[in-house]
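Notes for the one structure printed next.
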Amino acid sequence: MSYPFFFTWTSQRDAAPVQLVGGEGAFFDTADRGRYLDLGSLIYQANAGHGHRRIIEAVRAQAERLCLSVPGAVYPEKTALAEALLRHAPEGFTKVLFTLGGSDANENALKIARLVTGRHKAISRYRSYHGATLGAVSLTGDWRRVSVEPAIPGVVHVLDLDERAGRTGSTDIPRVLELEGNVGAVFLESIVGGNGVLIPSTESMLAIREACDAHGALLVVDEVLSGFGRTGRFFGLEHFDGLVPDMITMGKALTAGYGTLGAVLVHERVARHFEERVLVTGLTHYAHPISIAAALEAIRVYEDEGLVARAAALGPVLREGLEQLRDAHECATGVRAIGLLGSLELTLDAEAMGRLKRALDDERVHLHVNARAHCAIVAPPLVIEESDLREGIARLGRALGRVL
Ligand code: PLP
């Protein structure tokens with residue numbers, strides 16, 4: 001069947017449309033294939049689960065109250081959301097720049113870094129994804145960058161957290177900053193998400209912070225996937241004691257998926273640059289009330305329902321479940337997990353990965369099979385019941401059993 005719109009990250013012929021009709025908690029419903037257990041939070045944004053009444057009602061009420069806006073508008077929910085986000089940031093963060101999603105959060109952080117430092121070079125990891133717009137995809141280290149090169153000039157990628165290159169706990173970035181010179185920004189996912197749940201050491205993150213200071217570069221931490229409780233902390237960067245970036249970017253679960261919003265949180269030492277100088281950026285739908293209302297309620301839900309602590313508490317169930325699969329299946333060779341974000345390393349070729357996807361579909365369980373990163377990533381809504389999490393892992397096990 002052909003549709004009058006594009007499917008992304010695929011040829012149109014190979015697209016796999018999903019007939020989504022709704023959902024509840026950790027389950028979503030499709031028109032053609034029934035109910036799925038969601039171990040992927042759709043595309044890592046459904047942290048509060050499906051059909052959350054409080055967030056739906058907040059969006060509905062906002063539409064009645066104030067629906068149209070301009071970038072210069074001031075209204076209570078916009079201020080309340082900015083204050084809520086800054087409350088969760090490390091000390092010293094004073095301003096929020098709203099965007100439409102994660103890609104343009106990184107895009108705008110890159111612009112701010114250029115405006116503040118006067119330098120255009122940036123460093124990021126090969127094992128990373130930072131978004132699809134031209135600047136964000138240039139920062140991206142994985143395959144999604146390659147076909148649009150040359151994108152923007154001046155981005156240098158490093159092998160940090162690449163287990164095949166033997167770079168896991170340590171970092172090359174201080175040395176690259178020194179040799180490269182003239183670098184304005186370093187972009188890092190706090191915990192690498194879609195590229196295989198790679199967890200840096202505190203020591204390496206603090207060494208990068210120190211090197212940024214020594215070489216006049218700003219440190220931008222990307223929390224688009226790792227934020228909002230996913231790793232058992234509100235932001236992933238909280239796993240690294242004492243780490244204070246210059247900017248923090250976010251999107252996805254900022255609205256729990258109930259609106260389209262991203263944000264850049266900016267430390268006072270960077271924000272002060274724009275007191276007298278023009279902030280040369282903006283968007284027509286800057287801080288759109290519907291998305292702001294969704295985000296404000298989503299954050300209240302994370303807080304009121306204790307979902308961050310819940311992700312931390314369920315973390316061992318996910319880890320142990322994946323470890324049992326690793327021990328039971330020859331093709332499963334490793335586990336990396338933190339909070340409700342876990343990766344099972346798989347030595348399957350592309351064809352077998354395709355069979356795994358089909359077997360998971362037959363089991364009616366959704367999760368992220370990344371053939372290029374050789375892993376299956378589990379990231380359920382933080383509201384998932386422990387029994388459903390165990391059931392989902394069992395279904396993954398059954399699917400693995402049918403692959404070989
Ligand atoms: N940064 C990270 C770490 C991501 O995982 C993603 C999306 O997957 C993005 C940025 C881009 O966000 P969006 O697709 O909302 O533009």
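Under my numbering, the residue at position 389 of the sequence shown is numbered 389, and the numbers go up by one with no gaps. Ideal Cβ placement from N, Cα and C applies to all residues, glycine included.
Contact between Arg209 and Leu161 is ruled out by a C-beta separation of about 16 Å, above the 8 Å threshold.
Across the structure, Gly397 and Ala376 are spaced so that their CA atoms are roughly 11 Å apart. Bounds of any alpha helix (DSSP H) do not take in Tyr36; it lies within the beta strand (DSSP E) bounded by 34-38. Of the residues assessed, Ser2 falls on the exposed side of the cut-off, its CB having fewer than 16 other CB atoms within 10 angstroms. For a cut-off of 8 Å, the C-beta gap from Val220 to Met247 is around 5 Å, short enough to register as a contact.
Secondary structure remark: continuous alpha helix (DSSP H) runs of at least 4 residues inside the segment 271-357, in chain order: 289-304, 307-328. As computed with DSSP, Lys121 is found in a beta bridge with Val183.
Of the candidates Asp304, Gly34, Thr8, Leu110, the residue whose Cα lies closest to the Cα of Asp362 is Gly34. With a cutoff of 7 Å, Lys252 counts as near ligand 1, since its C-beta is closer than that to a heavy atom of the ligand. Exclusion of the five residues before and after Ala113 leaves Gly184, Ala185, Leu218 as the residues of its chain whose Cβ lies within less than 6 Å of its Cβ. As DSSP reads the structure, Glu24 sits in a beta bridge with Phe27.
For ligand 1, a non-hydrogen atom lies closer than 7 Å to the CB of Val224. Per DSSP, reduced to three states, the secondary structure at Asn47 is coil, with no helix or strand assignment.
Secondary structure remark: continuous beta strand (DSSP E) runs of at least 3 residues inside the segment 143-210, in chain order: 155-158, 183-189. Gly401: not part of any beta strand (DSSP E); member of the alpha helix (DSSP H) spanning 386-401, first to last residue.
The Cβ atoms of His88 and Phe235 sit closer than 8 Å to each other. For Arg319, the CB contacts under 8 Å within the same chain, skipping 5 residues up- and downstream, are Val335, Ala337, Gly342 in chain order. The residue among Gly251, Ser387, Thr94, Cys212 with its C-alpha nearest the C-alpha of Asn182 is Cys212. Counting C-beta pairs with one atom in each stretch, the segment 248-262 and the segment 153-160 have fewer than three that are closer than 8 Å, which means they do not touch. In this structure Ile55 does not touch Val365 by the C-beta definition: roughly 24 Å separates them, more than the 8 Å allowed. Here Val244 has Pro90, Glu91, Gly92, Arg209, His267 as same chain residues with Cβ atoms under 8 Å from its own Cβ, once five neighbours each way along the sequence are excluded. Here the distance from the Cβ of Gly131 to the nearest heavy atom of ligand 1 is below 7 Å. The C-beta distance from Arg230 to Leu340 rounds to 6 Å, short enough to fall under 8 Å.
By the C-beta criterion, the segment 186-195 is judged not to be in contact with the segment 73-87, since fewer than 3 inter-stretch pairs fall below 8 Å.
Contact between Ser226 and Ser204 does not hold, since the beta-carbon distance rounds to 16 Å and is not under 8 Å. In the structure shown, the three-state DSSP call for Gly135 is helix. Per DSSP, Ala376 is one residue of the beta strand (DSSP E) stretching across 375-378.
Counting of Cβ neighbours within 10 angstroms places Leu198 among the buried residues, the total reaching 16 or more. In the DSSP assignment, His88 falls within the unbroken alpha helix (DSSP H) covering 76-88. Judged by DSSP secondary structure, Ala63 falls within the alpha helix (DSSP H) whose first and last residues are 53-65.
Residue nearest to Leu382 within the set Gly22, Pro4, Phe7, Phe27 is Phe27 (criterion: CA-CA distance). For Asp222, the uninterrupted beta strand (DSSP E) segment begins and ends at 218-222. Exclusion of the five residues before and after Gly22 leaves Phe28, Asp29, His50, Gly51 as the residues of its chain whose Cβ lies within less than 8 Å of its Cβ. A heavy atom of ligand 1 is found nearer than 7 Å to the CB of Gly101.
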